[in-house]
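Heads up: the sequence shown at position 161 corresponds to 168 in the numbering used here, and the numbers run straight through without jumps.
Think of the CB as a built atom: it goes at the ideal place given N, C-alpha and C, for glycine as much as any other residue.
Computed from a prediction, not measured in an experiment: that's the story for all the values here.
First comes the structure, then the notes that go with it.
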Amino acid sequence: MKKYLVNCAIVALAGCAGCMCQQQPAAGPVSTPPAGDKPGYTDTPMLPSGRWHVHDPNRPVPPVVTPGAQFSDNAPAPADAIVLFDGHDFSAWKGEKGPVKWKLQDGYMEVAPGTGEIATKETFGDFQLHVEWAEPEQVVGNSQERGNSGVFLQGIYEVQVLDCYDNPTYPDGQCGGLYGQSPPLVNACRKPGEWQTYDIIFEAARFGENHSLIRPASVTVIQNGVLLHHKQALLGPTDHRRYGNYLKELPARGPIKLQDHKNPVRFRNIWIRNIAEEEKP
Ligand code: MG
């Protein structure tokens, strides 16, 4: 408890928005979504704002903004970028239990359902990340079962990938959501089958002595040229039906992971730029 209080005090002094020091919430019993036509959960932990549960079906739905036809589509990697995927091979990636088993064809990779997530071999701290993806042209399933994948920053914070073109789901789980924590400001999805872009700027969490939190991880996300999050603080690692915290110091660096949620989502043109050397607080 003492350590918990110390952590909270440091966070307060650092001026972080909201206390990131909540105890690890219980996952709660497994249950089906509530009755009605809104997918989501109300038996999950309350988020620190005190207004919404994790995956709350009653949270305001982000408005739809139709993106422009082009933004950073097919953007060539800058000179100092690390190319993670140029359409030719999986040399920068590894599977959960060895080589990547996803499909590779025509300049893109495609989730081979059931073969597991993939992760970069290299790890990253603060970075700028460019990712392009496309939802399956053939629409199958609803809510979280339609074109679900995800871009995991440092392997632990998910920026949701989901076909949210006319596909209601709980707001903190819709496309571009920081899963289970923060819905995107708007819904900027293109139609299924069309290529889409994420441009993500991420700053890792910083810890001081005795694993105390100096500042939480934060992220800016642009989808198809439309801002979804601006320096949005993460409460901790993302999770299903719960959210993480910073009570335990997290690694300074982690891989980029792409999720296998058993839907054949495609990815192409992935590159990353390190922003700075890891700082000593
Ligand atoms: Mg996902």
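Beyond the five residues adjoining it in sequence on each side, I89 comes within less than 6 Å, by CB distance, of I279 in the same chain, given in chain order.
Bounds of the beta strand (DSSP E) holding W140 are 134-141.
Taking the CA atoms as reference points, K110 sits about 19 Å from P199.
Taking one beta carbon from each stretch, the segment 200-210 and the segment 138-158 have 3 or more pairs nearer than 8 Å; the two touch. For K101, the uninterrupted beta strand (DSSP E) run begins and ends at 100-102, by DSSP. Not one heavy atom of the ligand MG is found less than 7 Å from the C-beta of E152. Q230 has its CB no nearer than 7 Å to any heavy atom of the ligand MG.
The count of Cβ pairs closer than 8 Å, one atom from the segment 97-104 and one from the segment 232-239, stays below three, leaving the stretches out of contact. In the DSSP assignment, W59 forms no beta bridge with any residue. Per DSSP, the unbroken beta strand (DSSP E) holding D206 starts and ends at 202-210. L192 and D96 have their alpha carbons spaced roughly 34 Å apart. Residue side-chain check: N194 keeps its Cβ at 7 Å or more from all non-hydrogen atoms of the ligand MG. Here the C-alpha atom of G47 lies approximately 13 Å from the C-alpha atom of Q188. Residue selection by CB proximity (closer than 7 Å to any heavy atom of the ligand MG) returns N155, S156, G157, E165, Q167, V168, L169, Y186, Q266, H268 in chain order.
Beta bridge pairing from DSSP links E117 with K110, R273.
With 16 or more other CB atoms across the displayed protein chains lying within 10 angstroms of its CB, T176 is buried.
A126 is a Cβ neighbour of P262, given a cutoff of 8 Å.
The C-beta distance from P74 to N231 rounds to 4 Å, short enough to fall under 8 Å. In the displayed model, E144 falls within coil according to three-state DSSP, outside both helix and strand.
By the criterion of a C-beta distance shorter than 8 Å, R260 is surrounded in its chain by T130, F131, G132, Q161, A211, E285, once the five residues flanking it on both sides are discounted.
A distance below 8 Å between beta-carbons, with the five flanking residues on each side excluded, links E144 to the following residues of its chain, in chain order: P199, G200. Approximately 6 Å separates the beta-carbon atoms of E142 and V272; this is inside 8 Å, confirming the contact. Take N65, set aside five residues on each side of it, and no residue of its chain has a beta-carbon closer than 6 Å to its own.
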